[in-house]
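Q: Residue numbers (the working numbering), protein chains in the order written: chain A, 1 to 364; chain B, 365 to 463. I'd like to ask you about the structure that follows.
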Amino acid sequence: MTEEPRPYTLVAELTYRCPLRCVYCSNPRDFARHGDALGTDDWLRVFREAEALGVVQLNLTGGEPLLRDDLEPLVEGARTLDLYTNLITSGVPLTRERLARLKAAGLDNVQVSIQDVTAAGSERIAGHRSFERKLEVARWVKALGLPLTVNVVLHRENLDHVAEVIALAESLAADRLELANTQYLGWALANRRMLLPTREQLDAARDVAREARRRLRGRMEVLFVTPDYYTDLPKACMDGWGRRFLVVTPDGLVLPCHAAHTLPGLSFDNARERPLAEIWQHSAGFQAFRGEAWMPEPCRSCERRTLDFGGCRCQAYHLTGDATATDPACSLAPAHALIEAARAQAQAPSTEVIYRTARAADGV
Amino acid sequence: MSEPRTLTADSRPVVAAKARLRWDARSSRHLLLYPERGLILNPTAADVIQLCTGAHTVADIVDRLAAKYAPQPRETVEREVLTFLVNMADRGLIREHDD
Ligand code: SF4
Ligand code: SF4
Chain A
1 MTEEPRPYTL VAELTYRCPL RCVYCSNPRD FARHGDALGT DDWLRVFREA EALGVVQLNL
61 TGGEPLLRDD LEPLVEGART LDLYTNLITS GVPLTRERLA RLKAAGLDNV QVSIQDVTAA
121 GSERIAGHRS FERKLEVARW VKALGLPLTV NVVLHRENLD HVAEVIALAE SLAADRLELA
181 NTQYLGWALA NRRMLLPTRE QLDAARDVAR EARRRLRGRM EVLFVTPDYY TDLPKACMDG
241 WGRRFLVVTP DGLVLPCHAA HTLPGLSFDN ARERPLAEIW QHSAGFQAFR GEAWMPEPCR
301 SCERRTLDFG GCRCQAYHLT GDATATDPAC SLAPAHALIE AARAQAQAPS TEVIYRTARA
361 ADGV
Chain B
365 MSEPRTLTAD SRPVVAAKAR LRWDARSSRH LLLYPERGLI LNPTAADVIQ LCTGAHTVAD
425 IVDRLAAKYA PQPRETVERE VLTFLVNMAD RGLIREHDD
């Protein structure tokens with residue numbers, strides 16, 4: 001791999017605050033310890049520096065990015081830089097007037113997350129009554145002429161509803177539907193016994209999605225992200241460490257992936273203290289897993305290493321305790337038995353729910 | 365919504381609302397950006413996309429490109445333009461302009 005790393009996408013985690021309490025939230029378990037330290041001017045500078053480095057896509061996310069009252073100037077600044085700006089939201093704190101202002105500021109796309117196809121199913125996952133509100137927000141998005149992405153995180157309690165999910169997205173005239181199976185890190189790992197589906201569920205849902213993709217081609221993009229727990233191959237996490245993505249946390253840490261700061265022993269820099277270009281090129285945390293020098297066997301001599309980059313570092317650490325281990329999702333990994341054991345557990349699931357909460361700063 | 369895969373010489377393609385063209389100084393190419401993705405366009409593809417405003421028919425677009433890339437035969441240009449447009453329509457990145 002000789003290609004120069006270039007960040008194409010900046011994931012701006014504007015705040016970890018959120019009114020919802022999703023059981024699979026991808027924010028770190030200790031999110032409450034990280035305040036919103038970056039102000040409007042800090043973020044605008046981060047956008048400028050990111051664009052100068054090659055970034056063309058900006059994801060405004062969180063937590064719930066709408067909880068920042070400077071979202072309008074941030075969108076406007078991003079548009080001035082010609083960044084493609086995607087607002088990733090639960091929709092809950094939005095008003096139609098504010099959405100119109102965000103559109104006027106230059107917003108390109110709105111991604112609304114939906115938990116399930118019923119109010120009760122959604123509330124069980126989000127720990128919050130928000131289903132009707134989300135549908136209303138999705139309708140405003142289209143009514144104002146903005147493109148709409150509907151994002152649904154899949155797991156054992158909603159995988160059997162994928163056909164209804166697709167019908168719902170069609171009725172909302174979504175431009176894109178992301179059916180993304182849960183990634184078992186952070187809160188989702190804590191809830192794995194409740195969330196991990198069976199292989200049968202997954203195969204059936206994938207067939208439904210495939211058929212819908214064919215039928216809706218050119219009208220609605222249907223994306224189905226398979227969980228690596230059932231593929232026996234790891235995913236090319238973030239398209240490779242420090243190759244394409246920059247993540248900036250609410251307190252200014254610059255990361256190659258949103259969970260990188262949960263790995264011990266890596267040092268990351270803060271956007272308030274060092275120029276982004278320097279961080280991208282030289283930060284120890286970014287260098288740690290770039291290229292192939294860090295790889296153990298069997299990755300080091302495996303043909304797929306240029307395709308999957310050895311898989312997910314965070315998954316390797318949170319399952320094996322060693323961030324340099326081969327991703328256990330890979331059938332060749334020494335620790336693959338951990339994945340097989342989790343699959344076996346899916347036959348005897350738990351219904352116990354651990355909601356995202358500011359108090360549980362223990363564990364991963 | 366019009367069925368996008370029936371492009372004919374009289375269709376007037378328009379770039380979809382979710383897609384936006386921008387110049388990329390680093391690669392000296394145009395990029396067509398859309399949610400979570402982007403396509404790096406070669407100069408011919410960028411010419412085509414810039415004409416997808418809803419004002420030009422496919423036949424117009426082919427004429428203009430054939431003139432620009434002469435002496436390439438019109439049939440060759442037509443085939444390339446159509447293949448590209450159908451591919452873009454399948455991805456939902458262009459649609460037919462509805463009056
Ligand atoms: S996953 Fe749920 S709780 Fe976490 S930020 Fe998104 S909406 Fe909020
Ligand atoms: S051995 Fe390593 S490089 Fe090969 S498929 Fe498994 S994770 Fe990927």
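For each residue, glycine too, the CB sits at the ideal point set by N, CA and C. Given the structure is predicted, the values throughout are model-derived calculations rather than measurements.
#1: Please compile the residues from chain A whose C-beta is within a distance smaller than 9 Å of the C-beta of B/R318.
#2: By alpha-carbon positions, which one of A/R213, A/P73, A/H161, A/N181 ends up nearest to B/D454?
#3: So A/A180 is in the beta strand (DSSP E); what residue range does that whole segment cover?
#4: If you follow the alpha helix (DSSP H) that A/T40 is part of, which residue opens it and which one closes it?
#5: Go ahead and pull the three-state DSSP assignment for A/V152.
#6: Below 8 Å on the Cβ atoms is my contact criterion, and I expect A/L276 with A/V46 to pass it. Report the Cβ-Cβ distance as a whole number of Å.
#7: Just to make sure I have the definition right: I need the residues of chain B whose C-beta is within less than 7 Å of the C-beta of A/E221. Which are they?
#8: Rounded to whole angstroms, what is the Cα-Cα separation between A/A50 and A/A293?
#9: Counting only beta-carbon separations shorter than 8 Å, does A/T149 have a partner in chain B?
#10: Using the three-state DSSP reduction, which class does A/L83 fall into: helix, strand or coil?
#11: Does the distance between the C-beta of A/A163 and the nearest non-hydrogen atom of ligand 1 fall short of 7 Å?
#12: State yes or no: is the C-beta of A/P234 nearer than 7 Å to some heavy atom of ligand 2?
#13: If you drop the 5 nearest sequence neighbours on each side, which residues of the same chain put their C-beta closer than 6 Å to that of A/T262?
#14: Report the neighbours of B/G418 on chain A: residues whose CB is nearer than 8 Å to its CB, in chain order.
#15: So which residues of chain B does A/N365 contact, with C-beta pairs closer than 7 Å?
#16: Round the Cβ separation of A/A344 and A/D228 to the nearest angstrom and send it over; I've been treating them as touching at under 8 Å.
#17: Which residues, in order along the stretch 51-81 of chain A, keep a beta-carbon less than 7 Å from a beta-carbon of chain B?
#18: Quick one: what's A/S130 bridged to in DSSP?
#19: Since B/R386 meets chain A, which of its residues come closer than 7 Å, beta carbon to beta carbon?
#20: Give me every residue whose Cβ sits closer than 7 Å to any heavy atom of ligand 1, in chain order.
#21: According to DSSP, what are the bridge partners of B/W387?
#22: At what residues does the beta strand (DSSP E) containing A/A12 begin and finish?
#23: Where does A/S113 sit, in a helix, a strand or coil, going by DSSP?
#24: Just checking, does the stretch 10-21 of chain A make contact with the stretch 57-67 of chain A on the three C-beta pairs under 8 Å criterion?
#25: Taking CB distances under 8 Å as the criterion, tell me whether B/P368 reaches chain A.
#26: Between the stretch 185-198 of chain A and the stretch 329-338 of chain A, are three or more C-beta pairs nearer than 8 Å?
#27: Leaving out five residues on either side along the sequence, give the residues of the same chain with a beta carbon under 7 Å from the beta carbon of A/R193.
#28: Could you name the residues of chain A that B/A453 contacts, counting a contact when the two beta carbons are closer than 7 Å?
A: From the atom records:
#1: The structure shown does not extend to residue 318 of chain B, since chain B spans only 365 to 463, so no value can be given for it.
#2: As a position in the second sequence, residue 454 of chain B is number 90, starting the count at 1. The shortest Cα separation from B/D454 among A/R213, A/P73, A/H161, A/N181 belongs to A/R213.
#3: Stepping through the first sequence from its first residue, residue 180 of chain A is reached at position 180. First-last of the beta strand (DSSP E) with A/A180: 176-181.
#4: To locate residue 40 of chain A, count along the first sequence from 1; it is residue 40. Looking at the DSSP string, the run of the alpha helix (DSSP H) that includes A/T40 is 40-53.
#5: Locating residue 152 of chain A in the first sequence gives position 152, counting from the first residue. Residue state, collapsed to three classes: strand.
#6: As a position in the first sequence, residue 276 of chain A is number 276, starting the count at 1. As a position in the first sequence, residue 46 of chain A is number 46, starting the count at 1. So it is a contact: roughly 7 Å between Cβ atoms.
#7: By one-based count along the first sequence, residue 221 of chain A stands at place 221. Correct list: G456.
#8: The residue you call residue 50 of chain A lines up with position 50 of the first sequence. The residue you call residue 293 of chain A lines up with position 293 of the first sequence. Answer to the nearest angstrom: the Cα atoms are 27 Å apart.
#9: Numbered from 1 along the first sequence, position 149 holds the residue referred to as residue 149 of chain A. Yes, contact with chain B.
#10: The residue labelled residue 83 of chain A in the question sits at position 83 within the first sequence. Coil at A/L83, not helix or strand.
#11: As a position in the first sequence, residue 163 of chain A is number 163, starting the count at 1. No, ligand 1 has no heavy atom inside 7 Å of this Cβ.
#12: For the purposes of this step, residue 234 of chain A is taken as the residue at position 234 of the first sequence. Checking every heavy atom of ligand 2 against the Cβ of A/P234, one is found closer than 7 Å.
#13: Counting from 1 along the first sequence, the entry for residue 262 of chain A is found at position 262. Cβ neighbours of A/T262 beyond the five flanking positions: P28.
#14: Residue numbering aside, residue 418 of chain B sits at position 54 when the second sequence is read from its first letter. Those do not exist, as B/G418 stays about 15 Å from chain A at its closest Cβ, beyond 8 Å.
#15: Only positions 1 to 364 of chain A appear in this structure, which leaves residue 365 of chain A out of reach.
#16: For the purposes of this step, residue 344 of chain A is taken as the residue at position 344 of the first sequence. For the purposes of this step, residue 228 of chain A is taken as the residue at position 228 of the first sequence. That belief does not hold up - the Cβ atoms of A/A344 and A/D228 are roughly 17 Å apart, past 8 Å.
#17: G54, V56, Q57
#18: Counting from one through the first sequence, the residue named residue 130 of chain A turns up at place 130. Its beta-bridge partners do not exist; DSSP assigns none.
#19: In the second sequence, residue 386 of chain B corresponds to position 22, counting from 1. Going along chain A in sequence order, the residues near B/R386 (Cβ under 7 Å) are V56, D82.
#20: A/C18, A/L20, A/R21, A/C22, A/Y24, A/C25, A/S26, A/N27, A/G62, A/G63, A/E64, A/S90, A/S113, A/A126, A/R356
#21: For the purposes of this step, residue 387 of chain B is taken as residue 23 along the second sequence, with counting starting at 1. Looking at the DSSP assignment, B/W387 forms a beta bridge with B/H394.
#22: Position 12 of the first sequence, counting from 1, holds the residue named residue 12 of chain A. A/A12 -> beta strand (DSSP E) spans 9-13.
#23: On the first sequence, position 113 is the one that residue 113 of chain A refers to. Correct three-state label for A/S113: strand.
#24: yes
#25: Taking the first residue of the second sequence as position 1, residue 368 of chain B is located at position 4. A caution first: B/P368 carries a pLDDT of 46, below 50, which makes its placement in the model unreliable, though a value can still be read off. Yes - at least one Cβ of chain A is within 8 Å of the one on B/P368.
#26: no
#27: Here residue 193 of chain A corresponds to residue number 193 of the first sequence, with the count starting at 1. So the list reads Q345, P349, S350, once near-sequence residues are dropped.
#28: On the second sequence, position 89 is the one that residue 453 of chain B refers to. Simply G218.
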